[in-house]
Amino acid sequence: MQNGQGGNAPQVLRPKGYNKLAILMGRNPQVAILRRFGALNMLNLLYLQAELSELERKFETAYLDDAVSNKADVREFCKSMVALRSSKDGPNGDQLEQLLVIQDKLEKYMLIKPSDAALVQVAEVSKLRHADDRRLFDLQTWLEDSDLGGDFLQATEAQTWTKRHESDLAVLEGPPEEEESLLPALSELPLNLIHCCLGSRGSRRRKPDEETGVFQYDDDGLRRLNKLITTTIASLLPVIAIVVLYAVQGTWRRIYVTIGFTSCFGMALAMTSAKVSEIFAATAAFAAVEVVFIGSVSNGAGG
């Protein structure tokens, strides 16, 4: 997402405030950043846990009392659920009453009804990706710009996307962690170059979205372009390295060149979604080829 501002557009009715923010997040899920409310969720779980513990104690007292009752039908409650259910609204229905209350609390806390289980919901919320610093900066910039977000947030709402709650912010949608590059800033270089050429304020070739004021780009197309560029660079580096190593004289100079090209090769791979182990293996193989070439050239020169 890149910010853009229009010129003297005619006065038309456009969404503002939270309505405009909702449109921005809906069209750009990478900046759909919201709070997890982790502390409040944990407090709620702790409250339910404490409440269930107390209910468990009361239920235990009730069923132990029924087990030693002088009434034979009451003593059957621990042996027959049919008998226990029949005690509803009766003088000896304390055990069943406590059990029904526990069932209601467990539905909110545990796995009996997953759609309503607070524990499951909190676990799912905790799996949300932490908001990326660059995306959070983009959102903050948009919100504070008088021509974009309109700087409409007030009072405590103005603190939602600040550093105070930075650790509690999560993005609702985005690429999985294993598909992210190790150098995301460099991996977005093609997008930044395209935006500088086509999305600058004075450019007539591309206009920002009329409702949100941001430039929209094809994510799939940018990923393919980025993959093409990084793959091309990574493929050419070994050939270029061999040519340079052949031209450079002196073993130490060749070693320095090897260090430089190996670093560039590793950085090129880090811009892709390759795993650390894959980058390490490829870089080691690349360095090995360079070392073998240096050895062969040095031996040839010595001979």
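Going left to right, the sequence shown walks through residues 12 to 314 as my numbering numbers them. Each residue gets a CB set at the ideal place from its N, CA and C atoms; glycine is no exception.
Please classify residue i: does DSSP put it in a helix, a strand, or coil?
i: residue 264; result: helix
i: residue 235; result: helix
i: residue 133; result: helix
i: residue 287; result: helix
i: residue 25; result: coil
i: residue 225; result: strand
i: residue 84; result: helix
i: residue 304; result: helix
i: residue 299; result: helix
Would you kindly report the start and end of the unbroken beta strand (DSSP E) that includes residue i?
i: residue 45; result: 44-46
i: residue 180; result: 180-182
Can you find the residues in the same chain that come closer than 6 Å, C-beta to C-beta, to residue i, ignoring five residues on each side of it along the sequence?
i: residue 163; result: 28
i: residue 98; result: 104, 107
i: residue 94; result: 87, 88
i: residue 85; result: 77, 103
i: residue 49; result: 179
i: residue 154; result: 160
Give me, in chain order, the residues of the same chain whose beta-carbon lies closer than 7 Å to that of residue i; leave out the 5 immediate sequence neighbours on both sides.
i: residue 8; result: Nothing in the structure corresponds to residue 8, since the chain is present only between 12 and 314.
i: residue 42; result: 12, 35, 36, 146, 149, 150
i: residue 245; result: 276, 279, 280
i: residue 253; result: 304
i: residue 290; result: 277, 280, 281
Note the first and the last residue of the continuous alpha helix (DSSP H) segment covering residue i.
i: residue 75; result: 49-78
i: residue 28; result: 28-38
i: residue 116; result: 105-120
i: residue 93; result: 92-96
i: residue 152; result: 144-155
Going by C-alpha distance, which of the options is nearest residue i?
i: residue 149; options: 87, 305, 32; result: 32
i: residue 90; options: 102, 81, 101, 77; result: 77
i: residue 160; options: 307, 305, 26, 303; result: 26
i: residue 283; options: 263, 112, 235; result: 235
i: residue 241; options: 271, 50, 268, 285; result: 285
i: residue 306; options: 49, 251, 257; result: 257
i: residue 176; options: 251, 45, 290, 183; result: 45
i: residue 183; options: 264, 142, 267, 169; result: 142
i: residue 255; options: 23, 168, 156, 268; result: 268
i: residue 51; options: 115, 261, 133, 118; result: 133
i: residue 247; options: 24, 111, 273, 116; result: 273
Counting only the same chain and skipping the five closest in sequence on each side, list residues whose C-beta sits under 8 Å from that of residue i.
i: residue 47; result: 136, 137, 139, 179, 180, 181
i: residue 109; result: 66, 69, 70, 73
i: residue 113; result: 63, 66, 67, 70
i: residue 82; result: 103
i: residue 322; result: Only positions 12 to 314 of the chain appear in the structure, and residue 322 is not among them; the question remains open.
i: residue 295; result: none
i: residue 96; result: 107
i: residue 266; result: 305
Should residue i be counted as a contact of the ligand MN given a C-beta to heavy atom distance under 6 Å?
i: residue 32; result: Ligands in the displayed structure: none, and consequently the ligand MN is not present.
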